[in-house]
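S.K.: Residue numbers (our numbering): 25 to 102.
For each residue, glycine too, the CB sits at the ideal point set by N, CA and C.
The structure displayed is predicted, hence computed values, not measured ones.
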Amino acid sequence: MPPASDLSERDRAVLAMERRGWPGPGAKERAIREDLGLSPTRYYQVLSALLDDPRALAHDPITVNRLRRVRTARRDRR
25 MPPASDLSER DRAVLAMERR GWPGPGAKER AIREDLGLSP TRYYQVLSAL LDDPRALAHD
85 PITVNRLRRV RTARRDRR
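#1: Secondary structure at Leu-60, three-state DSSP: helix, strand or coil?
#2: Do you know whose CA, among Leu-39, Lys-52 and Arg-34, lies nearest Leu-75's CA?
#3: Quick check on DSSP: helix, strand or coil for Ser-32?
#4: If you reduce the DSSP assignment to three classes, tell me which class Arg-44 lands in.
#5: What's the C-alpha gap between Arg-36 and Val-88?
#6: Starting from Pro-49, follow the alpha helix (DSSP H) in both directions and report where the run begins and ends.
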């Protein structure tokens, strides 16, 4: 398995953003645009791919596993 350091700077920044708390609606979307230069749609596409990437799991297992549980719960409710 490749080391987590193989993750791009953008991918590490996306995972770091998911670790943060957000004060209210719109704050996260604003930070996505300003800090990462991504649209929220593109951000969530990148994040979704990261959740299936073993390098992301190695880099931040707590965040990745938490987000995987959330994703699974949402799928199960459909």
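M.R.: In this structure, then:
#1: Numbered from its first residue, the sequence shown carries residue 60 at position 36. Look at Leu-60 here: in three-state DSSP terms it is helix.
#2: Here the question's residue 75 lines up with position 51 in the sequence shown. The candidate whose alpha carbon is nearest that of Leu-75 is Leu-39.
#3: Counting from 1 along the sequence shown, the entry for residue 32 is found at position 8. Ser-32: coil per DSSP, three-state reduction.
#4: Position 20 of the sequence shown holds residue 44. If DSSP states are grouped into helix, strand and coil, Arg-44 belongs with coil.
#5: What you label residue 36 is simply residue 12 of the sequence shown in a count that begins at 1. What you label residue 88 is simply residue 64 of the sequence shown in a count that begins at 1. One C-alpha to the other measures close to 12 Å.
#6: Working through the sequence shown from its first residue, we reach residue 49 at position 25. Pro-49 -> no alpha helix (DSSP H), and no H or E assigned at all.
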